[in-house]
Structure formats: structure tokens, C-alpha cells
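In my numbering, the protein residues as written are 7 to 219. Note that CB positions come from ideal geometry on N, CA and C, so glycine has one too. Structure first, then comments.
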Ligand code: DX5
Ligand code: ZN
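Pasting the structure below:
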């Protein structure tokens with residue numbers, strides 16, 4: 007299954023909520039970006055509590071671009087988040103993150119632009135999904151870096167289950183989504199492509215259309 011997941015990267019709850027409301031008529035899964043200013047020079051709204059209002063109806067995945075993401079698992083799970091994607095770069099114990107995450111929902115590891123797939127130290131079988139950045143993490147609106155699709159290709163050829171979710175995040179638009187799909191990705195996060203135009207639903211449909219078989 008191919009899935010487009012709208013992303014939300016906001017500094018305040020008011021902005022995040024506005025986007026949730028815009029997306030909720032057509033998207034039931036949303037990707038919430040978490041940045042602590044230590045992983046990359048940017049920060050987002052870090053309080054999980056207000057998300058609770060929406061987490062019964064919306065499947066929230068948390069993209070954890072933070073130092074020691076393990077510490078955020080429980081508070082966000084308590085607010086109803088169901089999938090946790092932790093970056094390996096500032097994670098001291100991948101096995102521990104995965105073990106804790108499994109108790110709370112789906113868990114995956116994420117690799118940033120400069121990181122290689124050899125930096126993933128946990129067996130793929132222990133993960134629910136993987137995320138490969140197609141930019142350097144930190145900001146929306148950057149340009150897609152096609153060279154990172156080599157990592158998607160390599161992972162796809164190593165992992166036996168052909169349906170295993172490999173997500174790409176960063177610079178996804180109506181052209182790059184096709185390249186990412188051809189490399190073997192099956193989940194696609196998009197933020198500025200959806201919100202850069204007046205009608206996010208139309209933009210979402212344009213993306214779906216591009217990857218429809
Ligand atoms: C960047 C975030 C991405 C980003 C995607 O660090 O993880 O999810 O918001 O934004 P676009 O789709 O605009 O590249
Ligand atoms: Zn993200």
C-alpha cells in the first residue's frame with residue numbers, strides 16, 4: 007500500500023491545530039514533527055497534551071528529531087500518539103528506544119541526510135517501519151535530495167517483506183514522489199507541497215494521482 011502522510015511542523019499549538027483542522031476532512035494519519043533545537047537549529051511545539059483532543063480520530067505519528075527521543079515516548083503515547091519514529095543520530099541506545107516504543111505503539115528508526123543505513127543497529131524485523139530523510143532534517147520547504155534515495159533502494163533490497171513500510175520525508179512534491187516510489191518507498195510525508203497552495207486537499211489528491219498504479 008502506498009500512503010501519503012501530511013506533515014505538521016509548527017512552533018505553536020494554535021498553528022498546529024489550524025493545520026490539523028485543515029487536514030482532518032481527508033487525512034486520517036498525520037506526521038507531527040518534533041524538534042528540540044539540539045538535533046537541528048529549529049524548535050517545534052513540544053507539549054503533547056493538546057493533541058489528545060484529536061488523537062481518537064486521527065492516527066498521529068511522531069517524527070522525533072531530538073536528543074534522546076526515548077524520553078518523549080511515554081508523554082506522547084499518553085496523548086494518544088500511535089507511531090514513533092526516532093532518529094538514530096542523537097540516540098544513545100537504539101535497542102532500548104525500540105523496546106520502549108514497542109510497548110506503546112508502532113516504532114521505527116529514522117536516518118538523516120548524512121547518516122548511512124549501516125547506522126541502523128537494530129534488526130529490521132524488530133521495527134514496524136523506517137524513515138529516510140530526503141533533506142537534512144530541521145525545516146520544511148527544502149529541496150529534495152535525490153541521492154538519498156540510494157538508501158531507500160538499499161533498504162528495499164535488504165528487507166525481505168516487500169510491504170515493509172519505508173517512509174521518505176523532505177521535499178516531496180508531485181515530481182519527486184514518483185522518484186521516491188520508484189526507489190522503493192511506500193510512505194511519503196509532504197508538508198509544504200500541501201500547504202503552499204490554497205487547497206491542501208487538491209494538493210493531496212495531486213500526489214495520490216501521481217503514484218496511483
Ligand atoms: C523536516 C521535517 C519534515 C518537513 C517536510 O525536518 O521532518 O517533515 O516538515 O517538509 P516539506 O515537505 O516541505 O519538505
Ligand atoms: Zn518530518
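{"Check": "Roughly how many angstroms separate the alpha carbons of residue 155 and residue 20, rounded to a whole number?", "Outcome": "34 Å"}
{"Check": "Quick check: the Cα distance between residue 14 and residue 25, rounded to an integer number of angstroms?", "Outcome": "7 Å"}
{"Check": "Between 119, 85, 128, 91, which lies nearest to residue 100 when the distance is taken from Cα to Cα?", "Outcome": "128"}
{"Check": "Give the residues whose C-beta lies closer than 6 Å to at least one heavy atom of ligand 2, in chain order.", "Outcome": "13, 37, 39, 69, 175, 195"}
{"Check": "Looking only at C-alpha atoms, which of 123, 142, 81, 98 sits nearest to residue 159?", "Outcome": "123"}
{"Check": "Taking three-plus beta-carbon pairs below 8 Å as touching, is the segment 157-171 in contact with the segment 199-206?", "Outcome": "no"}
{"Check": "Answer yes or no: do residue 103 and residue 76 have a C-beta to C-beta separation smaller than 8 Å?", "Outcome": "yes"}
{"Check": "Given this structure, state the Cα-to-Cα distance separating residue 49 from residue 151, to the nearest angstrom.", "Outcome": "22 Å"}
{"Check": "Check residue 143 in the structure and name its three-state DSSP category.", "Outcome": "coil"}
{"Check": "Do you know how far the Cα of residue 46 is from the Cα of residue 137?", "Outcome": "17 Å"}
{"Check": "Since residue 93 sits in a beta bridge, which residues does DSSP pair it with?", "Outcome": "116"}
{"Check": "State the DSSP-derived secondary structure class of residue 12, mapped to helix, strand or coil.", "Outcome": "strand"}
{"Check": "Return the CA-CA distance between residue 5 and residue 146, expressed in angstroms with no decimal places.", "Outcome": "The question about residue 5 has no answer, for the chain in this structure spans 7 to 219."}
{"Check": "Quick check: what's the CA-CA separation for residue 185 versus residue 96?", "Outcome": "29 Å"}
{"Check": "Would the beta-carbon of residue 183 fall within 8 Å of that of residue 161?", "Outcome": "no"}
{"Check": "Going by the C-beta, is residue 98 closer than 7 Å to any heavy atom of ligand 1?", "Outcome": "no"}
{"Check": "Ligand 1 and residue 151: does the residue's C-beta get closer than 7 Å to at least one heavy atom of that ligand?", "Outcome": "no"}
{"Check": "What do you reckon, is the C-beta of residue 15 under 7 Å from a heavy atom of ligand 1?", "Outcome": "yes"}
{"Check": "Do residue 197 and ligand 1 come close, with the Cβ less than 7 Å from some heavy atom?", "Outcome": "yes"}
{"Check": "How many whole angstroms separate the CB atoms of residue 16 and residue 37, which I take to be in contact at a CB cut-off of 8 Å?", "Outcome": "Wrong, their Cβ atoms sit about 12 Å apart, outside the cutoff."}
{"Check": "Here's the rule: buried if 16 or more other CB atoms are within 10 angstroms of the residue's CB, otherwise exposed. What is residue 197?", "Outcome": "buried"}
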